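Colleague:
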Amino acid sequence: MGRTLAEKVWEQHVVRRAEGEPDLLYIDLHLVHEVTSPQAFDGLRLSGRTVRRPDLTIATEDHNVPTVLGPIADVVSRTQVETLRKNTAEFGIRLHPMGDAGQGVVHIIGPQFGLTQPGMTVVCGDSHTSTHGAFGALAFGIGTSEVEHVLATQTLPAYRPKTMAVEVKGALPYGVTAKDLILAIIAQIGTGGGQGYIVEYRGEAVRALSMEGRMTVCNMSIEAGARAGMIAPDETTFEYLRGRPHAPSGAAWDEAVEYWKTLRTDDDAVFDKVVEIDASTLTPFVTWGTNPGQGAPLGSAVPSPEQFADPVERAAAERALDYMGLSAGTRLRDIQVDTVFVGSCTNGRLEDLRAAAEVLRGRTVVTRTLIVPGSMQVKADAEAEGLHEVFKAAGAEWREAGCSMCLGMNPDTLKPGERSASTSNRNFEGRQGKGGRTHLVSPQVAAATAVTGRLAAPADL
Amino acid sequence: MDAFTTHTGRAVPLRRSNVDTDQIIPAVWLKQVSRTGFDKGLFSAWREDPSFVLNDPAYAGASVLISGPDFGTGSSREHAVWALQQYGFRAVISSRFGDIFRNNSTKMGLLPVVLPEAVVEDLQAKVEADPAAELTVDLVEKQVRLGDVVAPFEIDDYTRWRLMEGLDDIGLTLRHAEDIDQYENGRQPWLPTTV
Ligand code: SF4
Numbered sequence: 288m289g290r291t292l293a294e295k296v297w298e299q300h301v302v303r304r305a306e307g308e309p310d311l312l313y314i315d316l317h318l319v320h321e322v323t324s325p326q327a328f329d330g331l332r333l334s335g336r337t338v339r340r341p342d343l344t345i346a347t348e349d350h351n352v353p354t355v356l357g358p359i360a361d362v363v364s365r366t367q368v369e370t371l372r373k374n375t376a377e378f379g380i381r382l383h384p385m386g387d388a389g390q391g392v393v394h395i396i397g398p399q400f401g402l403t404q405p406g407m408t409v410v411c412g413d414s415h416t417s418t419h420g421a422f423g424a425l426a427f428g429i430g431t432s433e434v435e436h437v438l439a440t441q442t443l444p445a446y447r448p449k450t451m452a453v454e455v456k457g458a459l460p461y462g463v464t465a466k467d468l469i470l471a472i473i474a475q476i477g478t479g480g481g482q483g484y485i486v487e488y489r490g491e492a493v494r495a496l497s498m499e500g501r502m503t504v505c506n507m508s509i510e511a512g513a514r515a516g517m518i519a520p521d522e523t524t525f526e527y528l529r530g531r532p533h534a535p536s537g538a539a540w541d542e543a544v545e546y547w548k549t550l551r552t553d554d555d556a557v558f559d560k561v562v563e564i565d566a567s568t569l570t571p572f573v574t575w576g577t578n579p580g581q582g583a584p585l586g587s588a589v590p591s592p593e594q595f596a597d598p599v600e601r602a603a604a605e606r607a608l609d610y611m612g613l614s615a616g617t618r619l620r621d622i623q624v625d626t627v628f629v630g631s632c633t634n635g636r637l638e639d640l641r642a643a644a645e646v647l648r649g650r651t652v653v654t655r656t657l658i659v660p661g662s663m664q665v666k667a668d669a670e671a672e673g674l675h676e677v678f679k680a681a682g683a684e685w686r687e688a689g690c691s692m693c694l695g696m697n698p699d700t701l702k703p704g705e706r707s708a709s710t711s712n713r714n715f716e717g718r719q720g721k722g723g724r725t726h727l728v729s730p731q732v733a734a735a736t737a738v739t740g741r742l743a744a745p746a747d748l
Numbered sequence: 192m193d194a195f196t197t198h199t200g201r202a203v204p205l206r207r208s209n210v211d212t213d214q215i216i217p218a219v220w221l222k223q224v225s226r227t228g229f230d231k232g233l234f235s236a237w238r239e240d241p242s243f244v245l246n247d248p249a250y251a252g253a254s255v256l257i258s259g260p261d262f263g264t265g266s267s268r269e270h271a272v273w274a275l276q277q278y279g280f281r282a283v284i285s286s287r288f289g290d291i292f293r294n295n296s297t298k299m300g301l302l303p304v305v306l307p308e309a310v311v312e313d314l315q316a317k318v319e320a321d322p323a324a325e326l327t328v329d330l331v332e333k334q335v336r337l338g339d340v341v342a343p344f345e346i347d348d349y350t351r352w353r354l355m356e357g358l359d360d361i362g363l364t365l366r367h368a369e370d371i372d373q374y375e376n377g378r379q380p381w382l383p384t385t386v
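Chains as they are written, first to last, in my numbering: chain A, 288 to 748; chain B, 192 to 386.
(1) Tell me which same chain residues have a C-beta within less than 8 Å of the C-beta of Met268/A, skipping the five on either side of it?
(2) What residue from Asp211/B, Val224/B, Val328/B has the CA that sits closest to Asp329/A's CA?
(3) For Lys721/A, decide whether its Cβ has a neighbour in chain B, counting only Cβ atoms nearer than 8 Å.
(4) Could you pull the DSSP bridge partners for Phe628/A from this structure?
(5) Between the segment 361-378 of chain A and the segment 207-226 of chain B, can you find at least three pairs of beta-carbon atoms closer than 8 Å?
(6) What is the residue span of the alpha helix (DSSP H) that Gln373/B lies within?
(7) Any heavy atom of the ligand SF4 closer than 7 Å to the Cβ of Leu694/A?
(8) Please name the residue, chosen from Val255/B, Ala274/B, Gly265/B, Arg201/B, that lies closest to Phe234/B on a Cα-to-Cα basis.
(9) Return the first residue and the last residue of the alpha helix (DSSP H) that Glu600/A is part of.
(10) Exposed or buried, Arg353/B, counting other C-beta atoms within 10 Å across all chains shown (16 or more means buried)?
(11) Could you run through the segment 540-552 of chain A and flag, in chain order, every residue whose CB is less than 8 Å away from some CB of chain B?
(12) Going by DSSP in three states, Val203/B sits in which element: helix, strand or coil?
(13) Name the chain B residues whose beta carbon is nearer than 8 Å to that of Asn578/A?
(14) Thinking C-beta only, is Tyr349/B closer than 8 Å to Pro309/A?
(15) What residues of chain A sit near Leu365/B, judged by a beta carbon separation below 8 Å?
(16) Only counting the same chain, and skipping five residues up and downstream in sequence, which positions put a Cβ closer than 7 Å to that of Asp555/A?
(17) What are the complete beta strand (DSSP E) segments, minimum 3 residues, inside the segment 469-542 of chain A?
(18) Look at Met507/A and Thr633/A and say whether their C-beta atoms are less than 8 Å apart.
(19) Can you round the beta-carbon distance between Tyr484/A and Ala445/A to whole angstroms, since I take them to be within the 8 Å contact cut?
(20) Taking 7 Å as the limit between beta carbons, can you name the residues of its chain near Ile395/A, skipping five residues before and five after?
(21) For a test of your reading of the model: does the CB of Asp329/A fall under 7 Å from any non-hydrogen atom of the ligand FAD? Yes or no.
(22) Note down, one range per segment and in chain order, each beta strand (DSSP E) of at least 3 residues found wholly within the segment 382-429 of chain A.
(23) Say whether chain A places a C-beta atom closer than 8 Å to the C-beta of Leu233/B.
(24) In chain A, which residues lie less than 7 Å from Tyr374/B when you measure between Cβ atoms?
(25) Buried or exposed for Ser324/A, please, with buried defined as at least 16 other CB atoms from any protein chain shown within 10 angstroms of its CB.
(26) Sorted by chain position, which residues of the same chain lie with C-beta nearer than 8 Å to Ala751/A's C-beta, five sequence neighbours on each side aside?
(27) Check whether the Cβ of Leu382/A lies closer than 8 Å to any Cβ atom in chain B.
(28) Can you find a C-beta in chain A that's less than 8 Å from the C-beta of Val224/B?
(29) I believe Asn712/A touches Gly576/A by the beta-carbon criterion, under 8 Å. Please report the beta-carbon distance rounded to the nearest angstrom.
(30) Does chain A have any CB closer than 8 Å to the CB of Ser242/B?
(31) Would you grab the beta carbon distance between Val392/A and Gly412/A for me? Rounded to a whole angstrom, and I think it's under 8 Å.
(32) Quick one: complete beta strand (DSSP E) runs, 3+ long, within the segment 235-322 of chain B?
(33) Output, in sequence order along the chain, the residues in the segment 414-429 of chain A whose CB is closer than 7 Å to any CB in chain B.
(34) Verify the CB distance criterion: does Gln214/B have a CB-CB separation below 8 Å to chain A?
(35) Counting only C-beta atoms, is Pro353/A closer than 8 Å to chain B at any point?
(36) Note the first and the last residue of the continuous beta strand (DSSP E) segment covering Ile449/A.
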């Protein structure tokens, strides 16, 4: 019987297999940031262990960093960043600190350097590691104990998850993006629907996505409960990788591409679960609640809790509406926002900024609008195209690279009761600052919303 | 990590679903570089509400948390596990857990117990009726017991063994250092390094 893409990559990395034990998997790339690593490095020191493969490890500063120039004012944040600097120096790990041209959100810089390649295993102490699956890598988030385990051994014990195919039929209509697609997928399968699975996104609409769009989709796999999402590599993938600093070159490139072409699910392979979604019926999609599964088409209204047959979902919807300060039946287009955020590892790449700029060109924002590039490289590329001038002319703030308002850990936060349209990935209670209310949207919807002050799509302008 | 064999204590019902790790420990608490002091951050936003169940004196000192479905979804922050443990919890019962949270728990010796939703609700109701009732989570017998309820749960043998012995994963893996050496010698030559 044939094998799925996930099974092929998994098998390629089994170091040791024994009856009744998890497989021991080799890890090809370990990404490190300041938040989930300090206790892991401490653990190494306490047990007198060292980092087995610093040359397969790379670190960046992203979660705590302010997105305006200058030092970190918050003492605790600064200590955490300084701790990463000490740890990476002590253990010989490459670090891209604040201000460095290679600095950025951990999931943006891996692909940007060409470090994320098809068929690799990639881990990071961060749940959105699933982003790297866009290249046909097996990439998943881990906790601090596992970070320490990978540092010490370059391996992880793990049971192979089941496999799920998300078959996206048809083509996305004009104006409907990768973000709308993944929000619709999550609303369909639920926040727990992917638990225990590796999801492979397949079908015409997925093949038509750029690498940036594929990363947006895979990024949010965890929001459906799946630890990893994957897309089989193809010409789009190879073109993206060609010439990147860490991509193979010369004869090695040809050899690699030949192998990468084998990384596709065999025609006779069987998935444990198959979910279908019709891309051609989709429209811009936004969330109304406090988990990423609580979403609906922008053209619809805030649902009533009574619409949910399941008592648990009904209670969750009631709580969410209360927290979000929304009443059932309100048209989503009538929801007024205070802040718009474009950025994060979901939508902080060049293509996302271009999309936002296209909407904002020649227009003026009426809300506080933060445009935060996902990395210093994205910032440089955007500025080379003059996108920053478009944003500034529209009245938006053009910032330095970092996680920014994706999570309430650095100075970019919502105040209690404030409402945002955000291109990030989590609308959890307080995610963007205590008491803050988040609507997840695409960069296009974010930009249109900044212009009208209410949730809107570019077509509304 | 702490070994876990069997634990008896009072339980607290958390009647919410999708309790993501941002709720268990909000991001502002993650700036610490030590492993201690996270108990104060546990559910810190929710605890500001006097009617939140953890503020109910009837449940003070409870050591088992009985939650609605999809507990520990979202962020990979192991701080969520540390916060629960440092607050005094030894086990969490739910019908579904976030994969990463469940993994993190078993690395630290906090037992995630999966029971059917109906059983979870029954346990919650019983604890609400009698907050002083003692519940037993028995990893040896793979059972949760409360009054006349005996609920069996599943856990893979390897994880169970590791938890019961309190074994450190890294130590176990390093026993196979030769296998790792051998694997490394056969890796594809084009694979990237960060240097
Ligand atoms: S941008 Fe947001 S989701 Fe991505 S790594 Fe940073 S905090 Fe996490």
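Ideal Cβ positions, reconstructed from N, Cα and C, are used throughout, including at glycine.
Note that the structure is a prediction, hence the values are computed from the model and not measured.
Modeller: Answer, in terms of the structure:
(1) Any answer about residue 268/A is impossible in this case: the structure gives chain A only from 288 up to 748.
(2) Val224/B
(3) yes
(4) Leu657/A, Ser709/A
(5) yes
(6) 368-376
(7) yes
(8) Ala274/B
(9) 598-611
(10) buried
(11) Trp540, Glu542, Ala543, Tyr546
(12) strand
(13) Asn209, Asp211, Thr264
(14) yes
(15) Ala439, Thr440
(16) Met288, Gly289
(17) 484-489, 515-517
(18) yes
(19) Actually they are not in contact, since the Cβ atoms of Tyr484/A and Ala445/A sit about 14 Å apart, beyond 8 Å.
(20) Cys632, Gly635, Arg636, Gly661, Ser662, Val665
(21) What this structure holds is the ligand SF4, not the ligand FAD.
(22) 408-411, 425-428
(23) no
(24) Val302, Tyr313
(25) buried
(26) Lying before the first or after the last residue shown, residue 751/A is absent from chain A, which here runs from 288 to 748.
(27) no
(28) yes
(29) Going by Cβ atoms, the distance from Asn712/A to Gly576/A rounds to 14 Å, so no, they are not a contact pair.
(30) no
(31) 14 Å between Cβ atoms; not a contact.
(32) 255-258, 282-285, 302-305
(33) Ser414, Gly428, Ile429
(34) yes
(35) no
(36) Here residue 449/A turns out to be Lys, not Ile, going by the sequence shown. Where Lys449/A is concerned, the enclosing beta strand (DSSP E) stretches over 449-456.
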